[in-house]
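Here's the structure we're looking at; comments come further down.
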Amino acid sequence: MALNRDFLGRAYASSVPYEVSRVKIKEFASAIGDPNPIYRDREAAAAAGHPDVVAPPTFPIEFSLSGAGEALSDPEFGLNFAMVVHGEQRFSYQRPIYAGDELICTSTIAEIRSVGRNEFLTVKSDITTVAGEPVCTTYNVIVERGGAA
């Protein structure tokens with residue numbers, strides 16, 4: 001079944017700010033196998049010119065779909081999670097993410113397209129501080145296999 005195109009352009013904000021901690025950054029860096037000390041040590045980050053520990057570039061995947069979860073799980077949208085695979089992700093930064101940041105994510109259903117029997121869904125997420133400072137934009141492509149022909 002095709003995804004419901006009526007959801008195109010709908011935006012969903014996260015219900016609470018995501019609090020970035022040194023522990024979460026360190027755990028994420030360990031999970032992706034990146035030993036860079038600026039992800040683990042405040043002094044190393046400061047020596048590199050940062051105010052605190054820096055999050056790896058792909059860190060926003062931890063929370064960037066939090067707002068869109070409401071749409072993705074809506075039965076009227078028609079997404080079959082059993083048929084979903086990861087398509088791609090990319091990040092466009094205005095500034096790094098640091099430990100201590102409190103971030104808000106607003107996700108928009110940016111594109112839905114059919115490719116063969118698959119549905120490609122692009123979710124664009126704008127991430128800002130609670131004060132409204134732009135931090136980054138993420139693009140997540142989700143593929144629902146075996147969708148509309």
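The numbering of the sequence shown is full-length UniProt numbering, which starts it at 1 and goes up by one.
Note that CB positions come from ideal geometry on N, CA and C, so glycine has one too.
Remember, predicted model here, so these are calculated numbers, not experimental data.
Handout entry: Beta-carbon proximity of I104 to V135, cut-off 7 Å
Key = For this step, residue 104 is matched to residue 104 along the sequence shown. For this step, residue 135 is matched to residue 135 along the sequence shown. No, Cβ-Cβ distance for I104 and V135 is not below 7 Å.
**Item:** With 16 other Cβ atoms within 10 Å as the buried cut-off, status of L8
**Value:** On the sequence shown, residue 8 is found 8 positions in, with the first residue counted as 1. With fewer than 16 other Cβ atoms within 10 Å, it is exposed.
task: Tell me whether D6 sits in a helix, a strand or coil according to DSSP, three-state version.
output: Sequence index remark: in the sequence shown, residue 6 carries index 6 (1-based). Note: D6 maps to helix in three-state DSSP.
**Asked** Can the beta-carbon of A44 be found closer than 7 Å to that of P37?
**Response** Your numbering for residue 44 matches position 44 in the sequence shown. Your numbering for residue 37 matches position 37 in the sequence shown. Yes, they are a contact pair.
The alpha helix (DSSP H) with L72 in it runs from where to where? The count along the sequence shown starts at 1 and reaches residue 72 at position 72. G69 to L72 is the span of the alpha helix (DSSP H), which, as asked, contains L72.
Any chance the region 89-104 sits against the region 52-61, with 3 or more Cβ pairs inside 8 Å? yes
Using a 10 Å radius around the Cβ and a threshold of 16 neighbouring Cβ atoms, would you call G67 buried or exposed? Numbered from 1 along the sequence shown, position 67 holds the residue referred to as residue 67. It counts as buried.
Buried or exposed for I112, please, with buried defined as at least 16 other CB atoms from any protein chain shown within 10 angstroms of its CB.
Within the sequence shown, the letter at position 112 stands for residue 112. I112 is buried by the Cβ-count criterion.
Note to self: For R117 and F91, what's the separation of their Cα atoms in angstroms?
What the structure shows: Along the sequence shown, one-based indexing puts residue 117 at 117. Along the sequence shown, one-based indexing puts residue 91 at 91. The straight-line gap from Cα to Cα measures roughly 28 Å.
Review point. Can a CB atom of chain B be found closer than 7 Å to the CB of S64?
Key: The chain inventory of the structure shown lacks chain B, comprising one protein chain alone.
**Asked** Terminal residues of the continuous beta strand (DSSP E) containing F120?
**Response** Mapped onto the sequence shown, residue 120 falls at position 120. Note, F120: beta strand (DSSP E), N118 to T129.
### Query
Is it true that the CB of S107 sits closer than 7 Å to the CB of Y18?
For the purposes of this step, residue 18 is taken as the residue at position 18 of the sequence shown. For the purposes of this step, residue 107 is taken as the residue at position 107 of the sequence shown. No.
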